[in-house]
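Here the structure comes first, spelled out in structure tokens, and everything after it is commentary.
There are 2 protein chains.
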Amino acid sequence: MNFLEEKILSDGIVKPGNILKIDNFLNHQLDIEIIRHIAYELRLRFEGSKLNKILTIEASGIAIATMLGLACEVPVVFAKKGQTANSTDDKYVSHAYSFTHKRMNDVFVSKPYLHPTDKVLIVDDFLADGQAAHALIDIVKQAGAEVVGIGIAVEKGQQKGGDTLRKEGYWLESIAIIEEMDADTQTIRFRGQEPAHLRQNGTAELS
Amino acid sequence: MNFLEEKILSDGIVKPGNILKIDNFLNHQLDIEIIRHIAYELRLRFEGSKLNKILTIEASGIAIATMLGLACEVPVVFAKKGQTANSTDDKYVSHAYSFTHKRMNDVFVSKPYLHPTDKVLIVDDFLADGQAAHALIDIVKQAGAEVVGIGIAVEKGQQKGGDTLRKEGYWLESIAIIEEMDADTQTIRFRGQEPAHLRQNGTAELS
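The structure is reproduced here in structure tokens:
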């Protein structure tokens, strides 16, 4: 079991509706050592990819992307979400459904920040159905740049995003892949492993 | 002139409507060396503050906060924006007007991530009228925690946010304070300095 799977078992909580709550270290409070470890693991996994730019999407991908940019010494771009109608700047625009806000969001990157010569690693904290990843891929393609890979902290393997991206031929690395989880028994099964109990040491719901 | 003022002169552009466009290194594309330099400068300025937590607000504060969390070895919390109505979690909620979206946003932090014992440094990329900073201060106070200071990359000194916070007694450090800027002549006057011309080496609008 790797460091991130261990951390999920230690500090995460499974909530009804197939929700893994790990916002005590990944996407609300940030455990900087874990974020750094995620970044170093992604750097290792994409060694040889010749990436020269990291692309993520606001907001919770930014911490991992920043730390990875530091580790790889390349610039980071974060795609913005929302409505672009009022803006006059030239942008690459795609679309992704937001489960949080229950609507389609524009996802966009200003044109000067992606070039045809860029070899882009797409990074995010979560991968579920792959809406955000596909929007970012679309944007990279619009720029005529190359997607060298997709680096994810936590993939929800029950949803189809990850396996679709693999079938499409993308080099996808997810540090933890959740195959099943159960709120009643507080168990998680990671890909390739036996089910394990969460220990709920985290403060997510306990204070 | 410090490193951030130099970077603004080198890569920034003044646009009509008193807008400083520096999204080529600070809040869309991230120049990781500059972000790291900002974080180290803030660590230096708040030495002795005994901070044990960094609080910022999504999205563009996250990169600086992450790098500062790494430098100071403390956890980072980023406040979320949007509507909280659908959530059942306990949150500290405040409000700030979004000039980008032209509406009042809820700003919130889940209660487990701020404690009465916390000594919080509030961090953001920009300070203009101080709406976001005041919302974050309000949230820290709701938690019974202490605001030890407010660390900002770029303060727009023509607007009142910074001077109001100083009058209120907060320890505010802004690395670059813009007193005046002019889109026609592409000049900026930083606080305490003579006006200087932007060199427009950045790619913000030029490619």
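From first to last, the protein sequence lines stand for chains A and B.
For what it's worth, the working numbering labels the leading residue of the first sequence as 27, then goes sequentially.
For what it's worth, the working numbering labels the leading residue of the second sequence as 27, then goes sequentially.
We put the CB at the ideal spot given by N, CA and C, even for glycine.
{"Item": "For residue 76 of chain B, the three-state DSSP class (helix, strand or coil)", "Value": "coil"}
{"Item": "Any C-beta of chain A under 9 Å from that of residue 61 of chain B", "Value": "yes"}
{"Item": "Strand pairing of residue 222 of chain B, partner residues [DSSP]", "Value": "B:214"}
{"Item": "Beta carbon proximity, residue 121 of chain A to chain B, threshold 9 Å", "Value": "no"}
{"Item": "7 Å Cβ cut-off: residues of chain A touching residue 73 of chain B", "Value": "In chain order: nothing, as chain A lies at least about 19 Å away."}
{"Item": "Between the CA atoms of residue 50 of chain A and residue 82 of chain B - distance to the nearest angstrom", "Value": "15 Å"}
{"Item": "Continuous alpha helix (DSSP H) assignments of at least 4 residues falling wholly in the segment 44-103 of chain A", "Value": "58-71, 87-98"}
{"Item": "Residue 163 of chain B to residue 31 of chain B span [Cα, whole Å]", "Value": "27 Å"}
{"Item": "Partners in chain A for residue 95 of chain B, counting only beta-carbon separations shorter than 7 Å", "Value": "56, 58"}
{"Item": "Identity of the residue in A:204, A:146, A:155, A:168 nearest residue 176 of chain A by Cα", "Value": "A:146"}
{"Item": "is_contact[residue 88 of chain B, chain A] using C-beta, thresh 9 Å", "Value": "yes"}
{"Item": "Nonlocal neighbours in the same chain, by C-beta distance under 6 Å from residue 42 of chain B, ignoring five residues either side", "Value": "209"}
{"Item": "Any C-beta of chain B under 9 Å from that of residue 44 of chain A", "Value": "no"}
{"Item": "Pairwise C-alpha distance: residue 226 of chain B and residue 60 of chain A", "Value": "38 Å"}
{"Item": "Residue 140 of chain B, DSSP secondary structure in three states", "Value": "coil"}
{"Item": "Contact under 9 Å by Cβ, residue 179 of chain B with residue 155 of chain B", "Value": "no"}
{"Item": "Own chain, CB closer than 7 Å to residue 118 of chain A, minus 5 neighbours either side, in chain order", "Value": "134, 135, 137, 140, 165, 168, 169"}
{"Item": "Status (buried if at least 16 other CB within 10 Å, exposed otherwise) for residue 76 of chain B", "Value": "exposed"}
{"Item": "Among B:206, B:218, B:223, B:121, the one whose alpha carbon lies nearest that of residue 44 of chain B", "Value": "B:206"}
{"Item": "Per-residue DSSP class, three states only, for residue 150 of chain B", "Value": "strand"}
{"Item": "Minimum C-alpha distance to residue 85 of chain B - residue among A:97, A:186, A:99, A:103", "Value": "A:103"}
{"Item": "Alpha-carbon to alpha-carbon, residue 54 of chain A and residue 230 of chain A", "Value": "Reliability fails at residue 230 of chain A, whose pLDDT of 47 lies under 50, so the model's placement of it is uncertain and no value is given."}
{"Item": "Distance between beta carbons of residue 92 of chain B and residue 89 of chain A, contact taken as under 8 Å", "Value": "4 Å"}
{"Item": "Proximity of residue 67 of chain B and residue 204 of chain B at Cβ, strictly below 9 Å", "Value": "no"}
{"Item": "9 Å Cβ cutoff, residue 152 of chain A in contact with chain B", "Value": "no"}
{"Item": "Residue-level contact to chain B via CB, residue 138 of chain A, 9 Å cutoff", "Value": "yes"}
{"Item": "Same chain only: Cβ atoms within 7 Å of residue 95 of chain B, ignoring 5 sequence neighbours per side", "Value": "80, 101, 102"}
{"Item": "Contact belief for residue 196 of chain B with residue 157 of chain B at Cβ below 8 Å, rounded distance in angstroms", "Value": "So it is not a contact: roughly 15 Å between Cβ atoms."}
{"Item": "Residue 183 of chain B - containing alpha helix (DSSP H), residue span", "Value": "Here residue 183 of chain B belongs to no alpha helix (DSSP H), and DSSP marks it neither H nor E."}
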